[in-house]
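Protein chains in written order, with the numbering used here: chain A, 87 to 411; chain B, 87 to 411.
Ideal Cβ positions, reconstructed from N, Cα and C, are used throughout, including at glycine.
These figures come from a predicted structure and were not determined experimentally.
Below: the structure, in structure tokens.
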């Protein structure tokens, strides 16, 4: 099933169940007022949401037309946003671009960072770039939403904790990264609010494309209407979501509604393009000695979406415009 | 006023208003079911809580005896837990201990990291140390709880966003830190769940001890009944909470209930002792060539509290025992 959060003036918004086509919805308030409330009580809420989803699909209840601009992030505020960096070609290219060595354990020890999760952007919220010198960039990612997840989960047990799948644009101010990482405590000011796709879907919606803890589909990123990348998000994901869950639960537990990201989707093959400008700039530096693509500037438009092999758009499209304030 | 969260089987617990002495309470459900709910609607909730607090104090309503073991963290799950490292003597000692250089910007650019906030420990919850080799340590800190805080707050405007003050034990697995920081993305597995003091108090409760965005009192840490440190938390705090708020709001906004920590309280004067074992071990290494104090082991007991000049204990005492599982 396909879930979304309608802005209704409350902090968590109103949970709605969306048609497979993404253009109609029914309120889910009789099951749970918000997506967080549904995740807090998933075993009880899930059957009710499934029933509602079936009714939306066969039009046995009244539905309303969906306006994607009325949607908040599926979780407008979340208890944790943990972002991996599971595509090694991204790690290698971006570190090369800033003259940093990749970690020696890159193939055995997953990279994750803790992101800010209290203010998350909806799919059409603007990307604010108050200072062009900050080097604003998009990062197109896949992410999962976890249920209550205890400490010490093994990768082969991890599937049971994955409740939903969605897309993210993990906006990054590239120029703030080097000085921040130099301090040793990881990203902070270099990571403003992250944006999420219109819809969060249960894994079964993706059929065989969801397997081995990976989404085996291409993630498409467009800048100003031009396709800049459509890398395969499946096989190139070196650490699967199950591996990432095993890693993050090594020393602590997670509450329902925790969001876990894949990191920027990236393939070794340059023909697949990029899911962030930093990679393209890194490739340009190798080829021409200097990057040619500028970072994001007011007026730029970023689109991120994933189509299935049947040209179905399960998560809807992230459509953000860059603004100065 | 003095607020606490009683475990009641729900995820957020039940908000209660506590007497100044800390030994009696009255439920606050008629004002707000949980502390998060009160923070979400602070302008409306605050007058009701203040009225209740006055009634608890003058015994004009029925109160019940408070059992600190029945308390969860004031916020059992929070939307963000942002921890600074504002005491420079701590940064210098701990980096020296692991052979790392302090950042060159240590005096001008605050250090903060994003902690996990979905699962937070109550004041008497055990510290779990599944592996002695992880080098478990306590870190005694002061922290504030923010209301809705926009991007771009200046230090001289920051006081308006501070709702509550409390203490924290930011448990750290020291032996996991070097390899993790080496990867460049900051702490993650090295920071298990953080514990908080029984009570969160409004700044006015501290009188003149709360000024300039600092708590000018000594923070006392005890290990197995022995005082190991009582550093002054005020003047030694190089970056005040107001400076930290200005820093963290440079590129993003925060939702009500965000917790912001001071980092381990530390004084230059070794006679003031330590608020974590890593500092003591660092000093022992300098003096004897090798650390003598072991990290935490099952059976150890950690106490953290702060007394006012009138010997009043505003936050209550964090009392944790170390267990293996």
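Where residue 152(B) is concerned, there is no enclosing alpha helix (DSSP H), because DSSP gives it neither an H nor an E. Within chain B, 97 have C-beta atoms less than 8 Å from the C-beta of residue 126(A), given in sequence order.
Contact between residue 215(B) and residue 410(B) holds: their C-beta atoms lie close to 6 Å from each other, under 8 Å.
Around the beta-carbon of residue 310(B), fewer than 16 other beta-carbon atoms lie within 10 Å, marking it exposed. With distances taken between CA atoms, residue 162(A) lies nearest to 279(A) out of 172(A), 279(A), 257(A).
The straight-line gap separating the alpha-carbon atoms of residue 234(B) and residue 127(B) is approximately 10 Å. Pairing residue 330(A) with residue 196(A) gives a Cβ-Cβ distance under 7 Å.
Within the DSSP secondary-structure output, residue 275(A) pairs in no beta bridge.
Less than 7 Å separates the beta-carbon of residue 407(A) from that of residue 212(A).
For the C-beta of residue 384(A), not a single chain B residue is nearer than 7 Å; the gap to the nearest is close to 16 Å. Contacts between residue 203(A) and chain B, judged by CB atoms closer than 8 Å, involve 165, 166, 203 in chain order.
Contact between residue 177(B) and residue 192(B) holds: their C-beta atoms lie close to 6 Å from each other, under 8 Å. When the five nearest sequence neighbours on each side are left out, the beta carbons in the same chain lying within less than 7 Å of the beta carbon of residue 272(A) are those of 199, in order along the chain. In the three-state scheme derived from DSSP, where H, G and I count as helix and E and B as strand, residue 253(A) is classed as strand.
Annotation: residue 384(B) to residue 221(B) spans about 12 Å, alpha carbon to alpha carbon. The beta carbon of residue 263(B) sits closer than 8 Å to the beta carbons of 184, 273, 276 from its chain, once the five residues preceding and following it are set aside; these are given in chain order. Per DSSP, the unbroken alpha helix (DSSP H) holding residue 175(A) starts and ends at 174-183.
Under the three-state reduction of DSSP output, residue 159(A) falls in the coil class, being neither helix nor strand.
Boundaries cannot be given for residue 402(B), as no beta strand (DSSP E) includes it and DSSP labels it neither H nor E. Shortest Cα-Cα distance from residue 242(B) to any of 157(B), 217(B), 298(B) involves 298(B). If only uninterrupted alpha helix (DSSP H) runs of at least 4 residues are considered, those enclosed by the stretch 348-394 of chain A are 363-374. Proximity of residue 122(A) to chain B, defined by a Cβ-Cβ separation below 7 Å, is not satisfied. For residue 297(A), not one C-beta of chain B is nearer than 7 Å to its own C-beta. In the three-state scheme derived from DSSP, where H, G and I count as helix and E and B as strand, residue 326(B) is classed as coil. Here residue 240(B) has 332 as same chain residues with Cβ atoms under 8 Å from its own Cβ, once five neighbours each way along the sequence are excluded. Chain A has no Cβ within less than 7 Å of the Cβ of residue 180(B). A Cβ-Cβ separation of about 20 Å leaves residue 93(B) out of contact with residue 142(B) under the 8 Å criterion. Inter-segment contact for the stretch 335-354 of chain B and the stretch 306-325 of chain B is present: three or more beta-carbon pairs are separated by less than 8 Å. Between residue 284(B) and residue 209(B) a beta carbon distance of about 4 Å is seen, short of the 8 Å cut, so the two are scored as contacting. If you compare the alpha carbons of 270(B), 327(B), 307(B), 313(B) with that of residue 301(B), the shortest gap goes to 327(B). For the pair residue 173(A) and residue 227(A), the Cα-to-Cα distance works out to about 10 Å.
When DSSP states are grouped into helix, strand and coil, residue 219(B) belongs to the helix group. Boundaries of the beta strand (DSSP E) around residue 200(B): 198-201.
Contact between residue 295(B) and residue 250(B) is absent: CB atoms are separated by about 15 Å, not below the 8 Å threshold.
Burial is judged here by how many other beta carbons sit within 10 angstroms of a residue's own beta carbon; residue 374(B) has fewer than 16 and is exposed. The C-beta distance from residue 166(A) to residue 107(A) rounds to 32 Å, too long to fall under 8 Å, and the pair is not in contact.
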